[in-house]
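Note that full-length UniProt numbering numbers the sequence shown so that position 125 is 125, with each residue one more than the last.
Note that the Cβ used here is the ideal one computed from N, Cα and C, for glycine as well.
Accompanying notes for the structure given below.
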Amino acid sequence: MKSPGPKPLEAHLQETAKILSEALPYMRRFAGQTMVIKYGGHAMGDEALAHQFARDVVLIKQVGIHPIVVHGGGPQIGAMLERLKIKSEFVDGLRVTDQATVEIVEMVLAGSINKQIVTAINGAGGTGIGLSGKDGRLIEARKLRRSVRDPGSNIEKLLDLGFVGEPVRVNPEILRTMQNSNLIPVVAPIGIGENGETYNINADTSAGAIAAAVGASKLLMLTDVAGVLNKDKHLIPTLTAKESLMLMGDGTISGGMIPKVETCLDAVRGGVAAAHILDGRIPHVLLLELFTPHGVGTMIERTP
């Protein structure tokens with residue numbers, strides 16, 4: 001007579017125990033390392049995913065990894081500008097940011113969004129602390145300069161994007177101080193200029209610069225896509241920096257994926273061991289990428 005299999009509850013508990021056991025080697029491997037997580041996209045706008053994200057970040061901290069969260073907030077900024085009837089335009093995907101707009105950007109990013117994430121982390125049992133790039137001059141920035149070529153005259157002209165900036169220097173000491181504590185830093189991508197100006201900086205760019213400055217082992221970028229896809233639209237699990245450049249050259253990597261891959265390449269050139277492009281819409285995507293054998297996104301490594 002065939003012996004009965006485990007009951008549903010028992011089978012579920014056994015599967016849970018198996019998953020925890022398989023995760024142990026990865027937890028041991030990454031213990032003591034710093035990882036920068038760029039948080040944005042759909043994952044930040046979905047309440048259930050936001051709750052899961054906060055719990056996962058607290059778990060990552062609990063097992064001895066030092067997470068640094070850098071967040072975006074484009075849709076929330078757009079909604080507030082519309083609410084206040086402040087017109088905003090985009091050039092090459094970048095929001096033109098005048099004085100009135102940058103005040104709203106700082107209010108939304110360093111205020112409401114930052115504190116929502118901190119509150120979620122605290123509610124999940126962690127100790128989140130909110131920062132902007134202006135705190136301790138964490139992100140020193142300069143005006144971002146972009147040029148465009150006029151199709152008629154073929155003359156290149158400089159675009160004025162207002163208070164849109166790019167990192168010049170990241171001062172990591174404030175973040176390193178938190179590594180040896182139970183604090184989880186949550187950083188809004190606002191930079192400070194040489195004369196105290198406020199600059200709106202792309203969150204991906206900020207996360208990459210911070211990852212390089214603190215010597216992070218990984219940059220984990222949550223997006224609204226599965227990762228880098230090949231020409232057949234299949235996920236590419238791993239890429240070297242050299243392979244990434246080749247895929248950008250032949251058009252396989254195109255459109256909005258280009259700046260994300262470029263951010264990853266800048267990070268690995270700056271000393272980060274690996275950068276990951278992940279689909280933030282997948283529940284517990286951070287845990288799946290870090291603590292399972294196969295991962296779920298695209299990992300870009302330094303070229304040997």
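Asked                                                                                                                                                            : Found
Could you give the DSSP three-state label for LEU279: helix, strand or coil?                                                                                     : Reading the sequence as shown, one finds Asp at residue 279 and not Leu. Note: ASP279 maps to strand in three-state DSSP.
Between the alpha carbons of GLY41 and ALA17, how many angstroms are there, rounded?                                                                             : 32 Å
Going by DSSP, which residues form a beta bridge with SER132?                                                                                                    : ALA188
Any idea what DSSP makes of PHE53, helix, strand or coil?                                                                                                        : helix
Would you grab the beta carbon distance between ILE60 and PRO67 for me? Rounded to a whole angstrom, and I think it's under 8 Å.                                 : 5 Å
May I have a chain-ordered list of the alpha helix (DSSP H) segments no shorter than 4 residues that lie completely inside the stretch 25 to 71?                 : 42 to 45 and 47 to 62
Cβ atoms of ILE190 and LEU265: under 8 Å apart, would you say?                                                                                                   : no
Could you have a look at MET1 and say whether DSSP puts it in helix, strand or coil?                                                                             : At MET1, the pLDDT of 49 sits below 50, so the modelled position is not reliable; the number obtained from the coordinates is stated separately. Three-state result, MET1: coil.
Around the Cβ of ARG83, are there at least 16 other Cβ atoms within 10 angstroms (buried) or fewer (exposed)?                                                    : exposed
Along the beta strand (DSSP E) that carries ILE218, what are the first and last residues, could you check?                                                       : Looking at the sequence provided, one finds Lys at residue 218 rather than Ile. Start and end: 218 to 223.
Here's a check: name, in chain order, each residue in its chain whose Cβ is nearer than 6 Å to the Cβ of LYS233, leaving out the five neighbours to either side. : none
Out of curiosity, what's the CA-to-CA distance linking ALA267 and LYS87?                                                                                         : 34 Å
Can you check the stretch 75 to 124 for any alpha helix (DSSP H) of at least 4 residues that lies completely inside it and give the ranges in chain order?       : 99 to 106 and 114 to 123
Do the stretch 176 to 196 and the stretch 231 to 247 meet, that is, are 3 or more Cβ pairs less than 8 Å apart?                                                  : no
CB-CB under 7 Å to LEU230, same chain, minus the five flanking residues each way: which ones, in chain order?                                                    : It should be noted that the sequence gives Asn, not Leu, for residue 230. The residues are ILE236 and THR252.
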